[in-house]
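Under the UniProt record's numbering, the residues of the sequence shown are numbered 437 to 727, in order.
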Amino acid sequence: RAKQSGAGDCRFYNRSLTDQASSWLQLGVKLRRAIQDGAFELHYQPQIDLRTGRLVAVEALLRWPDGGPDAMPEHFIPYAEETGLIEPIGEWVLEHAVRQLAQWKVDGLPSFRIAVNLSPRQAVDAQLPLFLVRVLADTGLSPELLELEIAESGLMEHGAATASLLQSLRRLGVGLSIDDFGTGYSSLAYLRRLPVEAIKLAPSFLAGLPEDSGSRAIVAAVIGMAHSLDMRVIAGGVERAEQVECLDELGCNVVQGYLYADPMPADAFLQWYREHPVCPVPSTTDMPFQD
Ligand code: C2E
Ligand code: MG
Ligand code: MG
Numbered sequence: 437r438a439k440q441s442g443a444g445d446c447r448f449y450n451r452s453l454t455d456q457a458s459s460w461l462q463l464g465v466k467l468r469r470a471i472q473d474g475a476f477e478l479h480y481q482p483q484i485d486l487r488t489g490r491l492v493a494v495e496a497l498l499r500w501p502d503g504g505p506d507a508m509p510e511h512f513i514p515y516a517e518e519t520g521l522i523e524p525i526g527e528w529v530l531e532h533a534v535r536q537l538a539q540w541k542v543d544g545l546p547s548f549r550i551a552v553n554l555s556p557r558q559a560v561d562a563q564l565p566l567f568l569v570r571v572l573a574d575t576g577l578s579p580e581l582l583e584l585e586i587a588e589s590g591l592m593e594h595g596a597a598t599a600s601l602l603q604s605l606r607r608l609g610v611g612l613s614i615d616d617f618g619t620g621y622s623s624l625a626y627l628r629r630l631p632v633e634a635i636k637l638a639p640s641f642l643a644g645l646p647e648d649s650g651s652r653a654i655v656a657a658v659i660g661m662a663h664s665l666d667m668r669v670i671a672g673g674v675e676r677a678e679q680v681e682c683l684d685e686l687g688c689n690v691v692q693g694y695l696y697a698d699p700m701p702a703d704a705f706l707q708w709y710r711e712h713p714v715c716p717v718p719s720t721t722d723m724p725f726q727d
């Protein structure tokens, strides 16, 4: 607003800065209260194997039902990251996600993994491996059923510290993947030196599929290189059947997105899973399969 108004409009400028500062502080207060009150929830979004149509994992996504206008993860997570509140929030997420998967096993669901997002700050937290050891031991869940998604953009921020933490996590047996690959500046050559098993293509990569030949060439090249480095490729944000057909042709391993299911609360996920033990994929269905 200050930019648009002319010179001499200092009063406006000051007020909007003050407003910003006070809503910034209020968000901190609200988030601290939410942590104390246990006001967060997790939703779960299926990841589907493109060969078999079967569920291989769910991604846990944080929800803040009472967060009002601040409720979007893309809004409050960067704030939590900057202020350090991400540490208690992230621990809650990890513990809750692992417990939920352990409960689903008790309920008799077949084996699938749970993917949990790790913020850049968590990815340098030296306490994290011990915390995970405790949570895994408490629940009896085997570590390979947990996959941590590390945003590519955060990786480069603290390169060396992250690399050494990822090595410790990998030694625990936990799976590691690079989230939103393509949005940061890291190369596969750099990722090769990290103990990473999978990359998740950023949705912006998929937007042009299958029509745009440039997008197609890039996705094909990334998938080819990832496979030659023994990494699986997951496509997030899949919305159209044509994208899945194309990803399948290009050898992508796993798909996730609104086309198959939204992120859902645990009970809705269970219901979804009962109704979709196998999802339509190009190798098992005549396309198009969009309903
Ligand atoms: P992300 O890890 O890349 O998660 C995927 C986001 O895409 C989610 O947004 C999901 O709801 C959304 N999505 C799923 N399918 C589709 C689709 O077909 N099309 C489109 N356009 N979007 C789709 P959400 O839940 O709002 O989360 C946003 C981001 O916030 C996540 O991006 C992740 O970076 C962060 N986040 C969410 N939960 C956590 C958490 O527990 N811890 C941390 N550190 N970050 C989290
Ligand atoms: Mg993710
Ligand atoms: Mg994303």
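For glycine and all other residues, C-beta sits at the position ideal for the given N, C-alpha and C.
Keep in mind it's a predicted model, so treat the numbers as computed, not measured.
- P482 is bridged by DSSP to V494.
- In the structure shown, the three-state DSSP call for S613 is strand.
- A587: member of the beta strand (DSSP E) spanning L582 to A587, first to last residue.
- DSSP, reduced to helix, strand and coil, places R487 outside both helices and strands of the structure shown, so it counts as coil.
- Contact between F476 and W500 is confirmed by a C-beta separation of about 6 Å, below the 8 Å threshold.
- About 7 Å separates the CB atoms of G576 and A538; that is less than 8 Å, so the two are in contact.
- Counting the other CB atoms within 10 Å of its CB gives L530 a total of 16 or more, which places it among the buried residues.
- DSSP lists A634 as the bridge partner or partners of R668.
- The alpha-carbon separation between D616 and A457 amounts to approximately 30 Å.
- Annotated three-state conformation of E477 is strand, per DSSP.
- With 7 Å as the limit between CB and the heavy atoms of ligand 2, the residues that fall short of it are E495, A551, N553, E585, D615, K636 and G672.
- Judged by pairs of C-beta atoms under 8 Å, the region 542-550 does not touch the region 559-574, as fewer than three such pairs exist.
- For A551, the secondary structure class from DSSP, reduced to helix, strand or coil, is strand.
- At a threshold of 7 Å, L498 counts as near ligand 1, since its beta carbon sits closer than that to one of the ligand's heavy atoms.
- When C-alpha distances from R668 are compared across S578, H511, T721 and L637, the shortest belongs to L637.
- Using a 10 angstroms sphere on the CB of L453, the tally of other CB atoms stays under 16, which defines it as exposed.
- In the three-state reduction of the DSSP assignment, R629 falls in the coil class, being assigned neither a helical nor a strand state.
- With respect to G693, V674 sits close: the two C-beta atoms are nearer than 8 Å.
- Looking at the backbone, the Cα of V492 and that of I654 are separated by about 25 Å.
- CA-CA distance, P716 to D698, rounds to 16 Å.
- As DSSP reads the structure, V690 sits in a beta bridge with D485 and I670.
- The criterion of a C-beta distance shorter than 8 Å is not satisfied by A496 and Y515.
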